[in-house]
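Each remark here refers to the structure printed beneath this line.
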Amino acid sequence: MAVRSFAMLALALVAASGSAQVPAGALPERAVRRDIPMTNAIQRAFAAGTRDSTGRPGRNYAQLRTDYTINARLDPATSRITGRESIVLHNNTADSLSSIVMRLDMNMFLFNVPRAAPWVPAEETDGFAITRMSVNGQPVNLNAPAFGRGGGRGRGGAPAAPTENTASGLRTTRATISLVNPIPPKGQATLEVDWSHKVPGGPGQNHRMTQRWGDTLYQPTQWYPRVAVYDDLRGWDPELYLGPSEFYNNFGRFDVSIDVPGGWVVGGTGILKNADQVLTTAARERLTHVLESDANHMIVEPNEVGPGQATAPGDRLVWHFVADTVNDFAWVTAKKLVWETTRATIPGKGPVPINMFYQPGDAQLYTNAGPTARHALEFYSKLWFPYAFPQLTLQDGPSAGMEYPMVINANQGAADHETFHQWAPMTVSNNETWYGWMDEGFNQYANILSAADRQGVQPNLDGRGQSYGSVSGDESEPPMMWNANYAGPSRYSFVTYSKTPLMLSMLGGIVGDSAVWRAQSEFGKTWMFKHPSPWDYMFFMSRALKQDLGWFWYYWLFTTERVDGSIQNVTTSGGTTSVIVREDGQMPSPVVLKVEFAPTGPAIRPMANAKMIDSVTAIVTWPVSVWFGGSKTFKADLSFGARKIDRIVFDPGCRFPDRDPSDNIWPRTASVTRTPAGRGGRGGGGGSACGS
Ligand SMILES: [Zn+2]
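Residues in the sequence shown are numbered from 56 upward in steps of one, following this note's numbering.
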């Protein structure tokens with residue numbers, strides 16, 4: 056593998072340079088690991104040719120496609136949705152599938168299933184009531200014994216051939232349908248399911264688990280039985296829906312018909328196909344002006360309520376939506392729902408509508424939502440790739456702060472963050488359940504850039520990487536490569552959301568922030584509408600950044616280590632100043648020194664690895680490989696000549712995790728403030744050394 060040969064080359068260079076030495080007979084003080092751990096799952100993918108060390112989809116990469124046709128009816132009197140769906144499962148893989156795994160997320164509300172969240176904010180319900188299933192027209196036995204297929208084992212312990220399709224796990228969040236006739240490679244099957252469920256209400260809100268306000272507003276999500284992902288890493292996704300972790304879904308077409316009372320406006324994923332049947336003439340006329348300017352337009356006014364006013368006349372109306380390639384479908388409906396619109400202009404693509412659906416009393420939460428969503432759509436289109444969908448919809452309701460394809464359950468407060476999710480995971484579809492940092496963490500990082508752009512300033516990523524040093528090493532923190540479904544409620548948020556911007560702050564400190572943005576964008580484009588793994592990300596980024604970053608990914612993603620750098624001593628002899636840099640942590644870093652010279656004196660001689668940032672300040676850099684020999688100290692020789700040096704700072708951008716940054720400055724001063732513990736401190740203020 057190419058990455059290993061990079062590592063060998065680096066080792067050879069270090070040995071040749073002699074810049075780090077291990078005393079004979081002594082163990083290395085710090086054994087730096089430089090390769091990316093390869094678990095069985097990723098080794099299988101490499102062996103099958105589905106993924107490789109380029110970080111791009113391998114020649115044999117394949118994924119399922121699932122096309123849904125759903126007919127659903129909402130009855131507000133009982134708060135139940137009754138649905139019938141037909142799912143065409145395209146098995147594009149090289150494997151024969153003898154089972155289909157289903158995700159039954161509504162069973163979370165049975166309250167007798169495994170859950171990781173002690174704070175479930177929703178009521179107990181009867182979960183998914185599945186009344187009929189068939190595969191290719193053949194019925195599925197919904198009452199089969201939990202273990203064994205087709206009557207168990209025959210004589211001598213050999214499994215008996217199954218005689219009927221059977222389902223197990225229907226009262227959990229993960230069910231398995233065992234098939235009499237496996238779905239062959241490149242074959243397909245049609246699965247039909249009839250179900251009903253109560254849309255879970257409070258007592259709480261502001262979480263995806265709470266999906267209605269009384270019997271007047273419904274935000275159905277995770278609301279239809281769906282097929283799990285089958286991938287080259289683990290086969291059928293083995294995870295249960297435990298609450299905190301999010302989802303991992305197949306792409307496909309959704310053709311969804313939603314039957315609601317007349318007067319109830321519906322918004323959701325996809326394009327509304329039958330506006331002439333469900334909207335008033337006035338609303339349809341107003342919609343023709345949405346893309347003309349950045350102005351807001353009312354499609355359904357607050358005082359337009361009921362059949363014939365908010366919608367076309369009729370006791371019940373069926374709203375028909377189609378989305379061509381998405382990995383989920385969400386919607387909202389309410390007895391009184393304002394529909395306001397604006398637009399965003401996507402580079403290279405043109406204008407797309409932004410729809411806002413909110414209750415009349417919540418109008419103040421949406422006054423700034425349009426401009427925020429517009430900025431997010433336009434900014435992230437430039438940061439990653441042009442927005443991939445034909446519209447964006449913001450939905451009011453208790454399920455606030457959640458994302459679905461073309462849909463964000465958010466008002467202006469979370470509009471920026473939730474809009475980024477249209478890139479990850481809605482287009483670049485990582486396994487959110489295991490590795491939420493690939494969508495939530497990338498998102499938190501992108502939000503920093505978006506906020507700076509809104510303010511018209513350069514983003515400042517200094518300080519964030521360093522701040523991890525003050526919280527690292529806590530034994531309750533799982534590494535980011537730990538399955539986040541089991542990260543524990545106290546650390547889920549830090550590992551999934553907060554840590555990635557700290558990691559990417561350090562990466563920017565090594566390769567430059569704009570190089571990180573370019574590489575992330577290339578990674579995103581490469582994996583559009585596919586399922587990248589963390590290994591694909593690591594390999595892709597190392598290639599794109601033209602560095603063997605195995606050590607970087609190992610320490611950030613597989614450990615909870617820090618750098619803990621310091622300047623131990625500085626001595627001057629002749630024209631050379633020797634700086635003893637020490638790293639007490641397990642994570643290595645490049646050696647980056649800011650050297651501040653006296654304003655006058657002999658000429659400052661150039662150094663090959665130094666860059667003058669003004670007439671009296673140099674940034675001098677040695678590569679991370681100076682640590683690969685194992686020593687925890689490195690003698691950095693500055694040969695700038697006889698000009699007096701006033702001050703030297705290790706890691707001037709404050710990018711490397713450091714428990715105590717006050718010892719990074721020579722001569723030591725008392726005025727250094729540490730970056731705030733546990734937060735992505737911005738640095739740069741109050742005597743901090745941050746900022747080169
Ligand atoms: Zn998020």
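We put the beta carbon where it would ideally sit given N, CA and C, even for glycine.
Everything numeric in this text was worked out from a predicted model, so none of it was measured.
| query | result |
| --- | --- |
| Arg598 to Trp439 span [Cα, whole Å] | 18 angstroms |
| When Ile185, Ser569, Pro240 are compared against His145, the one with the closest alpha-carbon | Pro240 |
| Endpoints, the alpha helix (DSSP H) within which Met561 is located | 554-566 |
| Three CB pairs or more closer than 8 angstroms across the segment 301-321 and the segment 357-373 | yes |
| Coil, strand or helix - Gly496 by DSSP | helix |
| Gly403 CB to nearest heavy atom of ligand 1 below 8 angstroms | no |
| Touching by the beta-carbon criterion (3+ pairs, under 8 angstroms), the segment 654-661 and the segment 689-697 | yes |
| N-terminal and C-terminal residue of the alpha helix (DSSP H) that Gly520 is part of | 519-522 |
| Exposed unless 16 or more other CB atoms sit within 10 angstroms - verdict on Arg723 | exposed |
| Distance, Asp701 Cα to Trp489 Cα | 49 angstroms |
| Exposed unless 16 or more other CB atoms sit within 10 angstroms - verdict on Trp174 | exposed |
| Contact between the segment 338-348 and the segment 275-289 (3+ Cβ pairs under 8 angstroms) | no |
| Three-way DSSP call (helix, strand, coil) for Glu509 in this model | Just to set this straight, residue 509 is Arg in the shown sequence, not Glu. Arg509: helix per DSSP, three-state reduction. |
| Check: Gly498 C-beta below 8 angstroms from any heavy atom of ligand 1 | Looking at the sequence itself, residue 498 is Asn, so the reference to Gly does not match. Answer for Asn498: yes, Cβ within range of ligand 1. |
| Between the CA atoms of Phe434 and Val190 - distance to the nearest angstrom | 44 angstroms |
| Any non-hydrogen atom of ligand 1 closer than 8 angstroms to His344 Cβ | no |
| Cβ-Cβ distance between Lys690 and Ile635 below 9 angstroms | yes |
| Exposure of Gln118, with buried meaning 16 or more beta-carbon neighbours within 10 Å | buried |
| Any non-hydrogen atom of ligand 1 within 8 angstroms of Gly298 CB | no |
| Whole-angstrom distance between Glu301 and Val87, CA atom to CA atom | 34 angstroms |
| Neighbourhood of Tyr303 by C-beta, 7 angstroms cutoff - its chain only, sequence neighbours within 5 removed | Val284, Asp292, Asn486, Glu487, Thr488 |
| Integer-rounded CB distance, given that Gly307 should sit under 8 angstroms from Asp134 | Note on identity: in this sequence residue 134 is Ser, with Asp being the wrong assignment. Rounded, the Cβ-Cβ distance is 28 angstroms, inconsistent with contact. |
| Which of helix, strand or coil DSSP assigns to Thr148 | coil |
| Under the three-state DSSP convention, the category Gly322 falls into | strand |
| Proximity test, Asp494 beta-carbon vs ligand 1 heavy atom, cut-off 8 angstroms | yes |
| Same chain, Cβ closer than 7 angstroms to Ser141, neighbours up to 5 away in sequence not counted | Thr124, Thr245, Glu247 |
| Spatial neighbours of Trp572 in its chain, beta-carbon cut-off 7 angstroms, leaving aside the 5 residues before and after | Leu438 |
| Arg204 in three-state terms, based on DSSP | Summary for Arg204: the model assigns pLDDT 44, below 50, so the residue's position carries little reliability; its value from the coordinates is reported in the next sentence. Of the three classes helix, strand and coil, the one that applies to Arg204 here is coil, per DSSP. |
| Under the three-state DSSP convention, the category Leu297 falls into | coil |
| Three-state secondary structure assigned by DSSP to Glu84 | coil |
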